[in-house]
Amino acid sequence: MKSLRDKVVLVTGASSGIGEATALRMAELGCHLVLAARNAENLERVRQQCEPFGVRALAVPTDVAEAEQCRRVVEQTVATLGRLDIVIGCAGLSMRAYFDGSDLAAMEKVMRVNFMGTLYMTHFALPHVKKTKGSLVAISSMAGKRATPAYALYGASKFAIHGFYEALHIGQT
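Convert by adding 94 to the 1-based position in the sequence shown; the result is the number in the numbering used here.
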């Protein structure tokens, strides 16, 4: 495996859960980080936990469901750290509910964060990642490979991510 030391990594959903754990692991490996998530207070806490590893870490409050905020965090990454090598999309919302009777607004929010957030971030990051011959990583779920009735909409959002990234891989963006 290639060394990740000094790579510039943008992690979405970095304020908690898988995103937080990913950010801390990347810091341990010597990556410089841009941490993106909606919760500014938790984001700052994670940023402070990354600093002892001797890496640069920026906390940038970002709602991935908003295209303009995705553009802004990518541009800020490149302007501040000089490049973007890796994007790890961990931002996501779960929704345990059968489709019948589910709230349309809640379902739309899950799709906007999980799928559109991945799409927006990928769209703006791709030219920069291609320049560095870097990597795009989207965190999905087993629900994105096998349907589960109680997670119908959540699973659909993860199936969409899986299909999108598979198409990018086949096309070798």
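Where a beta carbon is used, it is the ideal one built from N, C-alpha and C, also for glycine.
Bear in mind that the values here come from a model prediction, so they are computed numbers and not experimental data.
Keeping to the same chain, check which residues put their C-beta closer than 8 Å to that of residue i; ignore five residues upstream and five downstream.
{"i": "leucine 152", "result": "Leu127, Val128, Leu129, Arg141, Gln170, Thr171, Thr174 and Leu175"}
{"i": "glycine 148", "result": "Gly124"}
Please look up how many angstroms separate the CB atoms of residue i and residue j, rounded, as I've assumed it's under 8 Å.
{"i": "alanine 131", "j": "alanine 185", "result": "7 Å"}
{"i": "leucine 178", "j": "leucine 104", "result": "6 Å"}
{"i": "glutamate 114", "j": "alanine 108", "result": "6 Å"}
{"i": "serine 235", "j": "lysine 252", "result": "5 Å"}
Using only the alpha-carbon positions, how far apart do residue i and residue j sit?
{"i": "arginine 206", "j": "alanine 117", "result": "23 Å"}
{"i": "tyrosine 248", "j": "glycine 183", "result": "16 Å"}
{"i": "aspartate 197", "j": "arginine 190", "result": "12 Å"}
{"i": "glycine 211", "j": "valine 158", "result": "4 Å"}
{"i": "leucine 137", "j": "glutamine 143", "result": "10 Å"}
{"i": "valine 102", "j": "tyrosine 192", "result": "40 Å"}
{"i": "lysine 96", "j": "serine 229", "result": "12 Å"}
{"i": "glutamate 260", "j": "arginine 139", "result": "34 Å"}
{"i": "methionine 221", "j": "valine 181", "result": "This sequence places proline at residue 221; methionine is not what is there. About 12 Å."}
Output needed for residue i: all residues of its chain with C-beta closer than 7 Å, excluding positions within five of it in sequence on either side, in chain order.
{"i": "histidine 217", "result": "none"}
{"i": "isoleucine 112", "result": "Cys184 and Ile233"}
Under 8 Å, Cβ to Cβ, is there at least one residue of chain B near residue i?
{"i": "alanine 159", "result": "Among the protein chains of the structure shown there is no chain B, as only one such chain exists."}
Residue i lies in the alpha helix (DSSP H); which residues open and close that run?
{"i": "alanine 199", "result": "198-205"}
{"i": "threonine 116", "result": "111-122"}
{"i": "leucine 137", "result": "134-144"}
Which residues mark the beginning and the end of the beta strand (DSSP E) in which residue i is found?
{"i": "valine 172", "result": "No beta strand (DSSP E) contains valine 172, which is instead part of the alpha helix (DSSP H) from 161-175."}
{"i": "valine 149", "result": "Where valine 149 is concerned, there is no enclosing beta strand (DSSP E), given that its DSSP letter is neither H nor E."}
{"i": "alanine 130", "result": "126-131"}
Near residue i, which residues of its chain fall below 6 Å by C-beta distance, leaving aside the five closest residues on each side in sequence?
{"i": "serine 161", "result": "Serine is not the amino acid found at residue 161; the sequence shown has alanine there. Closer than 6 Å at the Cβ level, and outside the excluded window around alanine 161, lie Tyr214."}
{"i": "valine 168", "result": "Phe218 and Ala219"}
{"i": "threonine 226", "result": "Arg177 and Asp179"}
Residue ranges of each beta strand (DSSP E) within the segment 220-261, 3 or longer = 229-232
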